[in-house]
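Residues in the sequence shown are numbered from 837 upward in steps of one, following the working numbering.
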Amino acid sequence: MDKLYVDLGERSYNIFFTDSFGGLADCMKGIAAPKKLLIVTDTNVAPLYADEVKDALNAAGYDAAVYAVAAGEENKNMDAILGICRASIEHGLDRKSMMIALGGGVVGDMTGFAASIYMRGIDFIQIPTTLLAQSDSSVGGKTGVDFMDGKNILGAFHQPRLVYINVSTLKTIPDIQFVSGMGEVIKHGIIRDAEFYKFIKGNSQLIRSLDTATLIKMAKQNCAIKAKVVISDERESGLREILNFGHTIGHAVESALNFRLTHGECVGLGMAAAAHISVNRGLIGADEATDIENVLALYGFRLKISLPSADVVYEYMQHDKKKADGKLKFVLPMRIGEVVSVRDVTKDEIYDAIEYINF
């Protein structure tokens, strides 16, 4: 089984890459996982994988129960967190027990946050089942829920004990969820690794056909990029800001559209908007910005969408938790593989970028 080590000192962990759940119990034993486990999933994923994972763990001697939250970003709130904590008490989890996040990014974020506050903090592991979660949210330790129209306003940094990526689960996600996940994958190439970007660009047919070997290779290289950034800046005080490429406008678009588009789709729109700002500033050539849009289109991204007024999108941006001293942070591409974080993007530039992705 392929694996990647995320070196964070006492909070270090392995990411495993495979195409089945057959090795999960052995990986759990490798971290001396406790007997009592709560598998947190959602109402979409539970019918697909919850019993398979629970039965495999119980057969290996664990006492695992399943708790399913209502699926969807609109349910990513404190009520859901309290439900997870209630289920943990009912299953008898103590301070040495462990939660397992089985699902997409919403499940991972909520399970990690619940684990961070349950009995002042217990361990958890990530088993991401969507491409978005496998490529981004399951790695790095960010957890949280939405609050008062803001994404992930409440949360904590809480690293998992391990991440188990079974790429075969991608065969059961809707195509739009695969597109969403590729937004983060493409982002990682643009911000940090031109060679990985070329790999994504040149292997689109194998990737989109869900070729197992190609998916495992992509997942490992992608996670390696994010892991290096996280290792350098675990709590987002510097370098980790570059992971927000496409997110400043993307998150606002996501909220302004009342989450009708997936997170990754909105990040794709945000990347196109940020590249537009870069072109106008002379930071990146128009040809490279066009290439970014072409690769996004290659994976099914819409590059323009019907938006509410720019005023509405801009207002949602004011709730961005990454603001500092009242100024929005933008990550702008300078070339494929290199970006810069700035705080001087003007309101006029923002409005122009919003209009660029609007029709």
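For glycine and all other residues, C-beta sits at the position ideal for the given N, C-alpha and C.
- Judged by their CB atoms, Ala906 and Asp878 are nearer to each other than the 9 Å cut-off.
- In the assembly as shown, Arg997 is a buried residue. Its beta-carbon has 16 or more other beta-carbons within 10 Å.
- Close CB contacts of Cys1059 within its chain, under the 6 Å cut and outside five residues either way in sequence, are with Leu840, Ile851 and Val975 (chain order).
- When Val1003, Ile1001, Met984 and Thr979 are compared, the shortest CA-CA separation from Ala992 is found for Thr979.
- Where Ser1177 is concerned, the enclosing beta strand (DSSP E) starts and stops at Glu1174 to Val1178.
- Counting the other CB atoms within 10 Å of its CB gives Leu918 a total below 16, which places it among the exposed residues.
- In this structure, Gly1121 keeps its C-beta atom at 9 Å or more from the C-beta atom of Phe1081.
- Per the Cβ contact rule, the segment 864 to 875 is in contact with the segment 934 to 954 (3 or more Cβ pairs under 8 Å).
- As computed with DSSP, Thr947 is found in no beta bridge at all.
- According to DSSP, residue pairing for Gly980 in a beta bridge involves Gly991.
- Residue range Ser1040 to Arg1044 is occupied by the alpha helix (DSSP H) that includes Arg1044.
- Out of Asp930, Lys1056 and Ala1109, the CA that lies nearest to the CA of Asn1194 is found in Ala1109.
- Ranking Leu990, Ala1030, Gln995 and Phe853 by CA distance to the CA of Ile1067 puts Gln995 first.
- Boundaries cannot be given for Lys1007, as no beta strand (DSSP E) includes it and DSSP labels it neither H nor E.
- Between Val1021 and Thr854, the CB-CB gap reaches or exceeds 9 Å.
- By a beta-carbon distance limit of 8 Å, Gly1019 does not contact Ser973. Their separation comes to about 12 Å.
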